[in-house]
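Protein sequence lines correspond, in order, to chains R and L. Numbered per this note's numbering, the first sequence spans residues 1 to 229. Numbered per this note's numbering, the second sequence spans residues 1001 to 1238. Glycine included, each C-beta is placed from N, C-alpha and C at the ideal position. Keep in mind the model is a prediction, meaning the values are calculated, not measured. Structure record follows, encoded as C-alpha cells.
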Amino acid sequence: MLDLHGFGDQLLLGAWVTIQLALCSLVVGLVLGLLGASAKLSNIRPLQWIANLYTTVIRGIPELLTVLIIYFGATSVLMSIASLFGYDEYIEIGPFAAGVTALGLTFGAYATEVFRGALQAIPRGQHEAAIVLGMGARRKFFRIILPQVWRVALPGIGNLFLVLLKDTALVSVVGLEDIMRKANVAVGNTKEPFLFYMVAAFMYLGLTVVSMVVVSYLEKRASRGLVRG
Amino acid sequence: MDLDFSVVIEYFPRLLTGMWTTIELVILSIVLGAIVALPLALARISKNRWISSLPFAYIFFFRGTPLLVQIFLVYYGASQFEAVRESFLWPVLREPFWCAIIAFTLNTSAYTAEIFRGAIQAIPEGEVEACKVVGMTKTQMYRRVLLPRAFGIVLPAYGNEIILMLKASALASTITLLDLTGMARTIIARTYTPIEIFVAAGVIYLAISMVVIYIFRLVEKRQNRYLGSLSIKVPDKG
C-alpha cells in the first residue's frame, strides 16, 4: 500500500475544504449567472452593459489573477466602503472568502451565457400560458420558467462545475488549506513530491468522477417529465 | 482607497517583458499540443479497444485534474527520482520554463484531442462514403477530405482553447517563471500596489484575448468561405 507518512488524514481534511469551497462558489455562481442572464435579456440598456462588461472582463482574465486581485484587493476596497459608513477598524478577508468570491464570479460569468441560452430556449407559449393562468411575474418565473431552464442548462452547468472543481486548486496559492496546500506541506516534510502530487491528482480525479455521476443523475431527474419518442 | 496608477506607467516596460514570456509559453504549448493531439484523436476514434483505451485514459487524467497539480508533478515531482536527475533530460527538467511547456503541452493536447475527435466525427458519413466510392485510400481520404474539413469545423472551439491556454499560462508564475502574472507579483512585492498592477496585467490579458478572437474570426471566414453567405435566398413568387 501507499505510505503517506501519516499525511493521509491531512489530505482528507484538505479534500473537505476543497468540497466546501466548490459548493459555496457554485451557489454564488448560480445566483450571479441567473442575475447576469436576466440582465442580458432585460430591456434596460445599462443592465445589459453591466452584464456584458462583467462577462467579458471575467472570462478574459486568468482565474489565478482573479483570485489574486480579490485576495489582495478586497481588503482595501472593503475598508474604504466601511469607512464611508464611519467604520475604521481593520478588515481582512480570509483565503476561503476570497476564493468563494473569485471562483463564484468566474463561474457566474460562464453560467450567465449558459442560462441566457436556456432562457431563450423556453418557448414563448410557456410564458403566455402562465400569464393566462393568472400567475404573477415571480410565480411564473419560479414555477414555470426556472424548472425548464434548469433542465436545458444542466449539461452546461455540469461542465462548468467540473472546471470550477479544478480551479479550486488555485486558491491554495493564497494559502487556503485545501488538497493542494496539504500536498505542498506533505512534500515539504517528506521530500516525495511525485507521490503526494500524484495522490492529490487522484483525489481531484475522484471528486470529478463523483460530480459526473451526480450531474448525470440530476440530468435524468430533470428530464423525467419529458416523453421520449 | 487611494489608487496610484503612476506605478503602472513606471513598471509598464517590465509588464511587457512578462507579456512576451506569456506569449512564448502559449504559442509553444499550443503548437506542440496540436502535434501531440492529432495522433491522440485518431487513436481515440479507433474501433480497436486496445488502441482507443490508452488515449482515453490520458485524456481523462489530464482533463480531470487541475493544471496546477500537473505543473507541480513535472517541476517538483520529476526530481524525486534519481534516474531522472542523472538522465540527459535533467538540464531540461531543471528549467521552470521547459517544465511549464511540458505541463501545458500535455494538458492542452488532451483538450485539443477531444476537439479534433469531435470535428472528425462531425463530418457527415456521406462524405466518407463518397471518398470510398471514388476509390481513395484511407490516407488519401484523411489528407484530402477529412482533415481539411475537420480544420474548418474545429476553428471556433480551437480559438476558445487558445484563450483558455492563455489564461492557464498564468500558472507558470507558481513555479517562479516571470510571465505576465509572475512579473506583476514581483512588482507588487516591491511597490505594495496590488490593485493597480493586477488590474494592468488583467487589461493586457484582455487585449491579447481580443487579438486572438479577431485573428480567429478572419481565419474562420477564410477557411469556411466555400460555405458562402449563410443567408438562404428565397426565390420570389413568380
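By the criterion of Cβ-Cβ separation under 7 Å, what are the contact partners of residue i in chain R?
{"i": "residue 1170 of chain L", "result": "62, 64 and 65"}
{"i": "residue 1201 of chain L", "result": "65"}
{"i": "residue 1194 of chain L", "result": "72 and 73"}
{"i": "residue 1209 of chain L", "result": "60"}
{"i": "residue 1174 of chain L", "result": "173"}
Let me confirm a value: residue i is counted as buried when at least 16 other C-beta atoms fall within 10 Å, else exposed. Which label applies?
{"i": "residue 1055 of chain L", "result": "buried"}
{"i": "residue 6 of chain R", "result": "exposed"}
{"i": "residue 12 of chain R", "result": "exposed"}
{"i": "residue 1210 of chain L", "result": "exposed"}
{"i": "residue 1185 of chain L", "result": "buried"}
{"i": "residue 142 of chain R", "result": "exposed"}
{"i": "residue 1226 of chain L", "result": "exposed"}
{"i": "residue 1078 of chain L", "result": "buried"}
{"i": "residue 230 of chain R", "result": "This structure gives no information on residue 230 of chain R, because the portion of chain R shown stretches from 1 to 229."}
{"i": "residue 160 of chain R", "result": "buried"}
{"i": "residue 1238 of chain L", "result": "The pLDDT assigned to residue 1238 of chain L is 47, lower than 50, so where the model puts this residue is not dependable; a value taken from the coordinates is nonetheless given after this. Label assigned to residue 1238 of chain L: exposed."}
{"i": "residue 220 of chain R", "result": "exposed"}
{"i": "residue 232 of chain R", "result": "In this structure chain R extends from 1 to 229, so residue 232 of chain R is not present and cannot be described."}
{"i": "residue 61 of chain R", "result": "buried"}
{"i": "residue 1176 of chain L", "result": "exposed"}
{"i": "residue 85 of chain R", "result": "exposed"}
{"i": "residue 136 of chain R", "result": "exposed"}
{"i": "residue 1218 of chain L", "result": "exposed"}
{"i": "residue 99 of chain R", "result": "buried"}
{"i": "residue 1070 of chain L", "result": "buried"}
{"i": "residue 1163 of chain L", "result": "buried"}
{"i": "residue 214 of chain R", "result": "exposed"}
{"i": "residue 234 of chain R", "result": "No information on residue 234 of chain R is available, as it lies outside the stretch 1 to 229 that chain R covers here."}
{"i": "residue 193 of chain R", "result": "buried"}
Identify the contact partners of residue i in chain R, using a Cβ-Cβ distance below 8 Å as the criterion.
{"i": "residue 1013 of chain L", "result": "Residues of chain R passing the Cβ test: none, with the nearest at roughly 20 Å."}
Please compile the residues from chain L whose C-beta is within a distance smaller than 8 Å of the C-beta of residue i.
{"i": "residue 17 of chain R", "result": "Per Cβ cutoff of 8 Å: no residues; residue 17 of chain R is ~14 Å from chain L at best."}
{"i": "residue 197 of chain R", "result": "1069, 1072, 1073, 1076 and 1077"}
{"i": "residue 69 of chain R", "result": "1194, 1195, 1198, 1199 and 1202"}
{"i": "residue 270 of chain R", "result": "In the structure as shown, chain R begins at 1 and stops at 229. Residue 270 of chain R is therefore absent and cannot be evaluated."}
Using a cut-off of 9 Å between C-beta atoms, extract the partners of residue i located in chain L.
{"i": "residue 205 of chain R", "result": "1060, 1061, 1064 and 1065"}
{"i": "residue 201 of chain R", "result": "1061, 1064, 1065, 1066, 1069, 1070 and 1073"}
{"i": "residue 194 of chain R", "result": "1073, 1076, 1077, 1078, 1079, 1080 and 1081"}
{"i": "residue 180 of chain R", "result": "1066, 1068, 1069 and 1072"}
{"i": "residue 213 of chain R", "result": "Going along chain L, no residue has its Cβ under 9 Å from residue 213 of chain R, so there is no contact; the nearest lies around 13 Å."}
{"i": "residue 216 of chain R", "result": "Going along chain L, no residue has its Cβ under 9 Å from residue 216 of chain R, so there is no contact; the nearest lies around 15 Å."}
{"i": "residue 38 of chain R", "result": "Under the 9 Å cutoff, chain L gives no residues; its nearest Cβ is about 25 Å from residue 38 of chain R."}
Report the neighbours of residue i on chain R: residues whose CB is nearer than 9 Å to its CB, in chain order.
{"i": "residue 1214 of chain L", "result": "What residue 1214 of chain L touches in chain R: nothing, since even the nearest Cβ is about 13 Å away."}
{"i": "residue 1206 of chain L", "result": "56, 57, 60 and 61"}
{"i": "residue 1121 of chain L", "result": "What residue 1121 of chain L touches in chain R: nothing, since even the nearest Cβ is about 18 Å away."}
{"i": "residue 1181 of chain L", "result": "62, 64, 65 and 68"}
{"i": "residue 1167 of chain L", "result": "59, 60, 61, 62, 63, 64 and 65"}
Residues of chain L with CB under 7 Å from residue i, in chain order?
{"i": "residue 208 of chain R", "result": "1064"}
{"i": "residue 161 of chain R", "result": "The premise fails here: residue 161 of chain R is roughly 13 Å from chain L at the closest Cβ pair, so nothing lies under 7 Å."}
{"i": "residue 169 of chain R", "result": "1066, 1068 and 1069"}
{"i": "residue 243 of chain R", "result": "Given that chain R is displayed from residue 1 to residue 229, the structure contains no residue 243 of chain R and the question cannot be resolved."}
{"i": "residue 220 of chain R", "result": "Correct list: empty, because the minimum Cβ distance to chain L is about 22 Å."}
{"i": "residue 187 of chain R", "result": "1076"}
Are the region 117 to 134 of chain R and the region 89 to 97 of chain R touching by the rule of at least three beta carbon pairs closer than 8 Å?
no
Going along the chain, which unbroken runs of the alpha helix (DSSP H) with 4 or more residues stay wholly within the region 1167 to 1207 of chain L?
1180 to 1191
Segment contact flag, the region 200 to 218 of chain R with the region 165 to 177 of chain R, C-beta cutoff 8 Å, min 3 pairs:
yes
Within the region 1017 to 1103 of chain L, note down every full alpha helix (DSSP H) run reaching 4 residues or more, in order along the chain.
The DSSP assignment places complete alpha helix (DSSP H) segments of no fewer than 4 residues inside the region 1017 to 1103 of chain L at 1049 to 1064, 1067 to 1075, 1082 to 1086 and 1090 to 1093, in order along the chain.
May I ask you to verify whether the region 30 to 43 of chain R touches the region 106 to 120 of chain R, counting CB pairs closer than 8 Å and requiring at least 3?
yes
Mind pulling the alpha helix (DSSP H) runs of 4 or more residues that sit fully within the region 36 to 122 of chain R?
45 to 60, 63 to 84 and 95 to 121
When the Cβ atoms of the region 1172 to 1192 of chain L are set against those of the region 1094 to 1107 of chain L, are three or more pairs found closer than 8 Å?
yes
Tell me, please, whether the region 1042 to 1053 of chain L touches the region 147 to 157 of chain R by the rule of three or more beta-carbon pairs shorter than 8 Å.
no
Any contact between the region 178 to 190 of chain R and the region 1012 to 1028 of chain L? By contact I mean 3 or more CB pairs, one from each, below 8 Å.
no
Would you call the region 1104 to 1113 of chain L and the region 1045 to 1065 of chain L in contact, with 3 or more CB pairs under 8 Å?
yes
Per the contact definition of three or more C-beta pairs closer than 8 Å, is the region 70 to 77 of chain R in contact with the region 1193 to 1200 of chain L?
Taking 8 Å as the limit for Cβ pairs, the verdict is that the region 70 to 77 of chain R does touch the region 1193 to 1200 of chain L.
Is there contact between the region 1070 to 1084 of chain L and the region 1146 to 1156 of chain L, where contact requires at least three CB pairs shorter than 8 Å?
no
Cβ contact check for the region 1002 to 1016 of chain L and the region 1198 to 1208 of chain L: 3 or more pairs under 8 Å:
yes
Counting Cβ pairs, one atom from each stretch, are 3 or more of them under 8 Å apart for the region 176 to 184 of chain R and the region 10 to 28 of chain R?
The region 176 to 184 of chain R is in contact with the region 10 to 28 of chain R.
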